[in-house]
Amino acid sequence: MSKLDQRREEFFRYVWDHTADPFVIGYEARPPLTDTEAEWLQRVYQHCRADVENASRSLKELLESNGADLTALLLQISGLTRNKIISDLKASLGEVAAPRSYKQLHKFDSGVRYLVRRLKRVFEPLYRSGIESDADTLRGVFEALSQATYPGYIRQERAKRQGHMGEQRLAELLHALGVPFEPKEKLKQPLSPDVKIWDVSFDLVVPNSKAPKVLVQSMIQSANIGMFGQSKSDEVKKAMEAIHQNCPNAPPPFLVAFVDGVGFGSNAEGLNTVLETADEFVQFKTLWKFAIVVAHGMNRVLLVENHPELENFAEFLSRHQGAYEIRENLPSGVEAGFTRVALKEPPAPQAKKASAAGDR
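Remember, the numbering used here sits 1168 above the position in the sequence shown when you count from 1.
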């Protein structure tokens, strides 16, 4: 089996199940409608029974009174996103005449009319059903709409945060191990800017950009990645070329790709580029591999709790002999994928022997 085939087999064996990830589950969970939100929707529902012009006037007053929160809720219920309604209005009205943000939608009659038309399309089947006289039933319908539309409403923001989630988890692991890294902001703000070295962006650098030992580029995709995935994989090639050009004599830093997600199944070429180019790759389930590479780069020793799955990584472990020790139990270790890790304490410096004449 070739090196690429081995890496692909490993990638898909341990590929991330985003449907079971607490972050994704929590981010997609829309809290139940509050009483205020339900009351807003019932008023909007009644307003939209009128013709577009009258409904728009009534809705404009309601939006002016309740601001961006109501606007956001109505965009969600109507199947729009904060960005889509602005791009649609720019297309129909022109760049200058359209609002710059959904928060200013109530100031634009054309924008309110656009929203009313979308809402009427959603509400029309409900009007025909005649359930508007039953407030409890209507609230139940609104709750169902809210839960159904929320994942699509936050899709873009979720994808952006999800894509940077890997960087934060690497930062959390480094922090727990006491290993310095840049940018430190990734620990709390994963969307913070990357580090630039040799005109190449890196998501994380260990220990710092002046003397890098480990460089990280992260790409997490849970959906079809298309050309975006290919461009991200090309960044790994650019990074490796920069390392070779700028470290011709000194030992080069390790280039680690954090690459995970079923989305890479739709772009074999992009995934192959990453797996063939990076020195090592890690996934959510194999974060311990990253810790070993860091220990190797920092001339430290990592303690790794034994796990049956480790037998599948004989080749990786052989490349980093001396950078780790397997322990049967590591109760004080840090969770790192399917096992636990901890940095071994360096030996205490020995006291200097006194000379025959005594220390001076």
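Glycine included, every Cβ here is placed at the ideal spot set by N, Cα and C.
When burial is assigned at 16 or more other CB atoms within 10 Å of the CB, is residue i buried or exposed?
| i | result |
| --- | --- |
| M1395 | Confidence is the limiting factor: at M1395 the pLDDT is only 48, short of 50, which leaves the residue's position unreliable and the question unanswerable from this model. |
| G1397 | In this prediction, G1397 has a pLDDT of 49, which is less than 50 and means its spatial position is unreliable; what the coordinates show is noted afterwards. The residue is buried, with at least 16 neighbouring Cβ atoms inside 10 Å. |
| K1354 | buried |
| A1482 | exposed |
| Q1336 | buried |
| N1435 | buried |
| M1169 | exposed |
| H1412 | exposed |
| L1172 | exposed |
| K1275 | exposed |
| K1151 | Outside the shown range of the chain (1169 to 1528) lies residue 1151, about which nothing can therefore be said. |
| R1289 | exposed |
| E1350 | buried |
| R1175 | buried |
| K1228 | buried |
| A1339 | buried |
| F1370 | buried |
| E1437 | exposed |
| S1255 | exposed |
| Q1244 | buried |
| S1297 | exposed |
| A1379 | exposed |
| P1293 | exposed |
| T1317 | buried |
| S1377 | exposed |
| E1177 | exposed |
| A1510 | buried |
| F1180 | exposed |
| V1374 | buried |
| P1514 | exposed |
| A1223 | buried |
| Q1489 | exposed |
| G1431 | buried |
The beta strand (DSSP E) that contains residue i, what's its start and end?
| i | result |
| --- | --- |
| D1428 | 1422-1428 |
| T1507 | 1507-1511 |
| L1383 | 1382-1388 |
| L1471 | 1470-1473 |
| Y1492 | 1492-1495 |
Which one or two residues does DSSP pair with residue i in a beta bridge?
| i | result |
| --- | --- |
| E1263 | Bridge partners of E1263: none, in fact. |
| M1408 | DSSP lists no partner for M1408. |
| K1364 | S1369 |
| E1444 | Paired residues: none, contrary to the question. |
| F1449 | A1425 |
| L1294 | None, per the DSSP bridge assignment. |
| E1403 | Beta-bridge pairing links E1403 to no other residue. |
| A1316 | In DSSP, A1316 forms no bridge with anything. |
| E1350 | V1373 |
| A1504 | T1507 |
I need the boundaries of the alpha helix (DSSP H) containing residue i, first residue and last residue.
| i | result |
| --- | --- |
| L1273 | L1273 -> no alpha helix (DSSP H), and no H or E assigned at all. |
| E1483 | 1482-1487 |
| A1240 | 1220-1245 |
| V1462 | 1455-1465 |
| L1172 | 1171-1181 |
| R1217 | Element bounds for R1217: n/a, residue is neither H nor E. |
Since residue i and residue j should fall inside the 8 Å C-beta cutoff, what is the C-beta to C-beta distance between them, to a whole number of angstroms?
| i | j | result |
| --- | --- | --- |
| F1111 | V1424 | Coverage of the chain is limited to positions 1169 through 1528, which leaves residue 1111 absent and any answer about it impossible. |
| T1133 | E1479 | Residue 1133 lies beyond the residue range present for the chain, which begins at 1169 and ends at 1528; the question has no answer from this structure. |
| G1346 | G1247 | Not confirmed; about 48 Å, so no contact. |
| K1406 | V1368 | 6 Å |
| V1309 | L1231 | Contact flag wrong, Cβ pair sits at about 22 Å. |
| A1410 | I1460 | Incorrect: roughly 24 Å between the Cβ atoms, too far for contact. |
| A1236 | K1258 | Contact doesn't hold; Cβ gap of about 19 Å is too wide. |
| T1445 | G1505 | Between G1505 and T1445 the Cβ distance is about 22 Å, and since that is not below 8 Å, they are no contact. |
| F1422 | E1448 | 7 Å |
| E1496 | K1512 | At roughly 15 Å, the Cβ-Cβ gap does not stay under 8 Å, so E1496 and K1512 are not in contact. |
| A1206 | R1323 | Wrong, their Cβ atoms sit about 24 Å apart, outside the cutoff. |
| G1417 | W1366 | At residue 1417 the sequence reads Asn, which differs from the Gly that was named. That belief does not hold up - the Cβ atoms of N1417 and W1366 are roughly 15 Å apart, past 8 Å. |
| G1433 | S1386 | With 8 Å as the limit, G1433 and S1386 do not qualify as a contact, their Cβ atoms being about 18 Å apart. |
| V1502 | L1341 | 6 Å |
Next on the checklist: When you compare the region 1271-1290 with the region 1359-1367, are there three or more beta-carbon pairs, one atom per stretch, that lie closer than 8 Å?
Outcome noted: Short answer: they don't touch.
Checklist entry - Do the region 1198-1211 and the region 1169-1189 meet, that is, are 3 or more Cβ pairs less than 8 Å apart? => result Three or more beta-carbon pairs separated by less than 8 Å are not found between the region 1198-1211 and the region 1169-1189, which leaves the two stretches without contact.
Checklist entry - Between the region 1427-1434 and the region 1461-1470, do three or more beta carbon pairs fall short of 8 Å? => result By the Cβ rule, the region 1427-1434 does not count as touching the region 1461-1470, because fewer than three pairs are nearer than 8 Å.
Next on the checklist: Across the region 1246-1253 and the region 1207-1222, are there enough close Cβ pairs to call them in contact, namely three or more that are closer than 8 Å?
Outcome noted: Of all C-beta pairs linking the region 1246-1253 to the region 1207-1222, fewer than three are shorter than 8 Å, placing the two stretches out of contact.
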